[in-house]
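Enquirer: Below is a structure I'd like to ask you about.
Number of protein chains: 2
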Amino acid sequence: MKKKVIKNKLVELNPNVSVDCVIFGFDFEKLNVLLIDRGTTLGIPLALPGNLIYNSENLDEAASRVLEELAGLKNIYLEQIGAFGDPLRITKITDQEWLKAMRAEPSARVITVAYFSLVKMSDYVPQASSFAKNASWVSVQEITELAFDHLEILTTAKESLKQKIRRQPIGFNLLPEKFTLSQLHRLYESILEKPLDKRNFRRKIQKLDIIESLKEKQKGVPHKPSQLFKFNKEKYELLTKIGFDNFGF
Amino acid sequence: MKKKVIKNKLVELNPNVSVDCVIFGFDFEKLNVLLIDRGTTLGIPLALPGNLIYNSENLDEAASRVLEELAGLKNIYLEQIGAFGDPLRITKITDQEWLKAMRAEPSARVITVAYFSLVKMSDYVPQASSFAKNASWVSVQEITELAFDHLEILTTAKESLKQKIRRQPIGFNLLPEKFTLSQLHRLYESILEKPLDKRNFRRKIQKLDIIESLKEKQKGVPHKPSQLFKFNKEKYELLTKIGFDNFGF
DNA sequence: TTTGAAAGTGTATTAAGGACACAAAGTAAA
DNA sequence: TTTACTTTGTGTCCTTAATACACTTTCAAA
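From first to last, the protein sequence lines stand for chains A and B. Just so you know, we're using the numbering used here here: the first sequence kicks off at 1 and counts up by one. Just so you know, we're using the numbering used here here: the second sequence kicks off at 1001 and counts up by one.
Have a look at this one:
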């Protein structure tokens, strides 16, 4: 089995367990996912960023590590979707690290633990890492094919995000500090994949009392500039602490 | 690595991946979980039924197999909760199968994929299997300690079930064919861990139009006998097919 | 100064949620 | 056979949330 020295400790790759991340980003128009082109030849479908885990880390740590290693992203909203893996995942043969690990353990198969994460697209800057130089944002609507079972994972991730945002206001993780209500509105529409009435949306979100109007407006737009808002994390945490979990849509 | 012959095929245990099942049952009063006493000595905490997976099966199959092998349960409602596993799960040292597998692969650790399942308690008859002869139903309220990280898994399972039943009428899996509205009412209260007004509950559940009144009443009870109902699966599937997913509480 | 484009705002109607109390139907015990 | 006991089964009022819907305002650009 492949061994690596990290921080003066002998750690080992586990050839049976990987993590894959569905990294969502919002460009103010639609929802996107960060995908990796692992093809050395043409025609190989894109894949979710992921990697094998080390025996020395727990699953959440492994997902964080993958986010950081492959996309340079730190302190990111992460949520486990679940485990995937039928024996066919053994077809993951383009992953070099996996190949090495397999040499020692040829009969094993991989299961993967999938996560979704929400990032501000501006926070992502393409890395020089061998993996991520081939990474790019793709609109979720346009994705019809992915490597391995990643399309199934993406579908589950979308559903999971939908359910989650109907209970908790996690959408703010996809927006910059300052945002407009229209941006938030489009964000909810993108995630829920259905139109929401503008006035009803605004009334509802403002009634939740977790966003705060800033004394500042949008600039340089060729139309009436919008009021800017920010998410009030303190108020939100206060509400959840007293058991409130109906930020629903 | 340990090899076993099943149905004329060579299959292998994967020493890194197990499944554990939170098997819920309802005794018309409260929610129970089927736990296994793996202790040869006294004082060893109870555990969730679970086992290592074979490389030849997928995760859902493995969970079904465990349900059948350990509890004799077939065709049971199963739902994945998620994957658990930090390196400390390596303490799972009382599991003999695992010990054997570890001999070949001493440095590996186990992650577990957890499921919850809903069964009619009457369907469960203690098995003669070496595992399950030590199985018993325990009220979820009374559980304060479990082996390994199983308490964490149980907590997640309870939360998962709560969320799920607020969207989909899966509670019927815990009840016999014919049941009373009071039984259903207590079931919802047990799962949601909060009182629900009797009349409001009845109005709401009947409005969903997925239960059907039978021309039959309870017998032999020392009070006014209750009308019996059954779950109308066809109507429910029709509703979900057209996108309705608000069976909420 | 006109045009285009998105922001921002209120009301009326309908549906759902929550609180609440008493008569009816059976068995068991006196 | 009467009484006590226990659980079933039912309706209304009030409050809150959801939905449908259209016009004026404000800025930049032409």
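Using N, Cα and C, we set each Cβ at its ideal position, and we do this for glycine too.
So, for L78 of chain A: in the same chain, excluding its five sequence neighbours on each side, which residues have a beta-carbon less than 6 Å away from its beta-carbon?
Expert: Taking the first sequence and counting its residues from 1, the one referred to as residue 78 of chain A is at position 78. Contacts found: A63, Y115, S117.
Enquirer: In whole angstroms, give me the CA-to-CA distance for N1058 of chain B and V1017 of chain B.
Expert: Walking along the second sequence from the start, residue 1058 of chain B turns up at place 58. Walking along the second sequence from the start, residue 1017 of chain B turns up at place 17. Between N1058 of chain B and V1017 of chain B, the C-alpha separation is close to 11 Å.
Enquirer: Output needed for I242 of chain A: all residues of its chain with C-beta closer than 6 Å, excluding positions within five of it in sequence on either side, in chain order.
Expert: Here residue 242 of chain A is taken as the residue at index 242 of the first sequence, counted from 1. Taken in chain order, the list of residues that qualify is empty.
Enquirer: Leaving aside the five residues before and after E1177 of chain B along the sequence, list all residues of the same chain whose C-beta is less than 7 Å from its C-beta, in chain order.
Expert: Against the second sequence, residue 1177 of chain B aligns to sequence position 177. Correct list, in chain order: K1230.
Enquirer: Excluding five sequence neighbours on each side, which residues of the same chain lie with their C-beta closer than 6 Å to the C-beta of N55 of chain A?
Expert: As a working note, residue 55 of chain A is residue 55 in the first sequence. Cβ within range, chain order: E12, N14.
Enquirer: With contact counted as at least three CB pairs below 8 Å, one residue from each stretch, are the stretch 1134-1143 of chain B and the stretch 1031-1051 of chain B in contact?
Expert: Contact between the stretch 1134-1143 of chain B and the stretch 1031-1051 of chain B is present, because at least three Cβ pairs lie under 8 Å.
Enquirer: Classify L1146 of chain B as buried or exposed, calling it buried when 16 or more other Cβ atoms lie within 10 Å of its own Cβ.
Expert: As a first step, residue 1146 of chain B must be located in the second sequence, where it is residue number 146. That one is buried.
Enquirer: May I ask which residues mark the beginning and end of the alpha helix (DSSP H) holding Q1163 of chain B?
Expert: Translated into positions along the second sequence, residue 1163 of chain B becomes position 163. First-last of the alpha helix (DSSP H) with Q1163 of chain B: 1150-1165.
Enquirer: Between the Cα of L73 of chain A and those of A:K120, A:P45, A:L46, spot the shortest distance and give me the residue it belongs to.
Expert: Taking the first residue of the first sequence as position 1, residue 73 of chain A is located at position 73. Comparing Cα positions, the closest option is A:K120.
Enquirer: Can a CB atom of chain B be found closer than 8 Å to the CB of R109 of chain A?
Expert: Position 109 of the first sequence, counting from 1, holds the residue named residue 109 of chain A. Taking Cβ atoms only, chain B reaches closer than 8 Å to R109 of chain A, which makes this a yes.
Enquirer: If you compare alpha carbons, which of B:E1234, B:D1149, B:L1052, B:N1032 is closest to D1209 of chain B?
Expert: Taking the first residue of the second sequence as position 1, residue 1209 of chain B is located at position 209. Considering only alpha carbons, the answer is B:E1234.
Enquirer: Going by the beta-carbon positions, is the gap between V1138 of chain B and K1158 of chain B smaller than 8 Å?
Expert: Here the question's residue 1138 of chain B lines up with position 138 in the second sequence. Here the question's residue 1158 of chain B lines up with position 158 in the second sequence. It is not a contact, given that the beta carbons lie outside the stated cut-off.
Enquirer: I need the boundaries of the beta strand (DSSP E) containing N1032 of chain B, first residue and last residue.
Expert: Within the second sequence, the letter at position 32 stands for residue 1032 of chain B. First-last of the beta strand (DSSP E) with N1032 of chain B: 1031-1036.
Enquirer: Could you say which of B:A1071, B:I1191, B:V1033 lies nearest to K1162 of chain B if we only look at CA atoms?
Expert: Here the question's residue 1162 of chain B lines up with position 162 in the second sequence. Checking every option, the nearest Cα to that of K1162 of chain B belongs to B:I1191.
Enquirer: What are the start and end residues of the alpha helix (DSSP H) that includes L1175 of chain B?
Expert: For the purposes of this step, residue 1175 of chain B is identified with residue 175 of the second sequence, where counting begins at 1. Counting along the chain, L1175 of chain B falls outside any alpha helix (DSSP H), and DSSP gives it neither H nor E.
Enquirer: From which residue to which residue does the alpha helix (DSSP H) around T1144 of chain B run?
Expert: Within the second sequence, numbered from 1, the residue matching residue 1144 of chain B stands at position 144. Where T1144 of chain B is concerned, there is no enclosing alpha helix (DSSP H), given that its DSSP letter is neither H nor E.
Enquirer: Determine the chain B residues that contact L59 of chain A at a beta-carbon separation under 8 Å, and present them in chain order.
Expert: Working through the first sequence from its first residue, we reach residue 59 of chain A at position 59. The answer, in chain order, is A1083, F1084, G1085, D1086, I1111.
Enquirer: Could you say which of A:D197, A:L174, A:R199 lies nearest to L187 of chain A if we only look at CA atoms?
Expert: As a position in the first sequence, residue 187 of chain A is number 187, starting the count at 1. The shortest C-alpha separation from L187 of chain A is found at A:L174.
Enquirer: Closest to A1083 of chain B by C-alpha separation, out of A:L70, A:E61, A:R65, A:V113, would be which residue?
Expert: The residue labelled residue 1083 of chain B in the question sits at position 83 within the second sequence. The shortest C-alpha separation from A1083 of chain B is found at A:V113.
Enquirer: Taking 6 Å as the limit between beta carbons, can you name the residues of its chain near I90 of chain A, skipping five residues before and five after?
Expert: The count along the first sequence starts at 1 and reaches residue 90 of chain A at position 90. The predicted position of I90 of chain A is uncertain, since its pLDDT is 46 and thus under 50; no value can be drawn from it.
Enquirer: Got a sec, what are the start and stop residues for the beta strand (DSSP E) S1213 of chain B sits in?
Expert: Here residue 1213 of chain B refers to the residue found at position 213 when the second sequence is read from its first residue. That run of the beta strand (DSSP E) goes 1211-1217.
Enquirer: Between A:E142, A:A71, A:I211, which lies nearest to N32 of chain A when the distance is taken from Cα to Cα?
Expert: Translated into positions along the first sequence, residue 32 of chain A becomes position 32. Considering only alpha carbons, the answer is A:E142.
Enquirer: Is Q1080 of chain B close to chain A, meaning its C-beta is less than 8 Å from at least one C-beta of that chain?
Expert: Stepping through the second sequence from its first residue, residue 1080 of chain B is reached at position 80. Q1080 of chain B counts as touching chain A.
Enquirer: What residues in the stretch 14-27 of chain A have a beta carbon less than 7 Å from any beta carbon of chain B?
Expert: So the list reads N14, N16, V17, given in the order they occur along the chain.
Enquirer: Would you verify that the beta carbon of N1032 of chain B is, or is not, closer than 8 Å to some beta carbon of chain A?
Expert: Numbered from 1 along the second sequence, position 32 holds the residue referred to as residue 1032 of chain B. With 8 Å as the cut-off, N1032 of chain B does not count as an interface residue toward chain A.
Enquirer: In the DSSP assignment, the alpha helix (DSSP H) including I44 of chain A goes from what residue to what residue?
Expert: Walking along the first sequence from the start, residue 44 of chain A turns up at place 44. Run containing I44 of chain A: none; DSSP gives neither H nor E here.
Enquirer: Quick check on DSSP: helix, strand or coil for E57 of chain A?
Expert: Residue 57 of chain A sits at position 57 when you count from the first residue of the first sequence. Reduced to three states, the DSSP call for E57 of chain A is coil.
Enquirer: Mapping DSSP to helix, strand and coil, what is I76 of chain A?
Expert: What you label residue 76 of chain A is simply residue 76 of the first sequence in a count that begins at 1. Coil, per DSSP.
Enquirer: Considering just the uninterrupted stretch of the beta strand (DSSP E) at L118 of chain A, what are its terminal residues?
Expert: Sequence index remark: in the first sequence, residue 118 of chain A carries index 118 (1-based). Where L118 of chain A is concerned, the enclosing beta strand (DSSP E) stretches over 111-119.
Enquirer: How far does the beta strand (DSSP E) with S1136 of chain B in it extend, from its first residue to its last?
Expert: Within the second sequence, the letter at position 136 stands for residue 1136 of chain B. Here the beta strand (DSSP E) through S1136 of chain B covers 1135-1139.
Enquirer: Tell me the residue span of the alpha helix (DSSP H) that contains L196 of chain A.
Expert: For this step, residue 196 of chain A is matched to residue 196 along the first sequence. No alpha helix (DSSP H) contains L196 of chain A, which DSSP labels as neither H nor E.
Enquirer: Indicate the three-state DSSP secondary structure (helix, strand or coil) for V19 of chain A in the structure shown.
Expert: Counting from one through the first sequence, the residue named residue 19 of chain A turns up at place 19. If DSSP states are grouped into helix, strand and coil, V19 of chain A belongs with the strands.
Enquirer: I need the boundaries of the alpha helix (DSSP H) containing K1235 of chain B, first residue and last residue.
Expert: Counting from one through the second sequence, the residue named residue 1235 of chain B turns up at place 235. Segment 1233-1241, the alpha helix (DSSP H) holding K1235 of chain B.
Enquirer: Quick check: the Cα distance between K224 of chain A and Q218 of chain A, rounded to an integer number of angstroms?
Expert: Within the first sequence, residue 224 of chain A is the residue found at index 224, counting from 1. Within the first sequence, residue 218 of chain A is the residue found at index 218, counting from 1. Using only the alpha carbons, I get a separation of about 9 Å.
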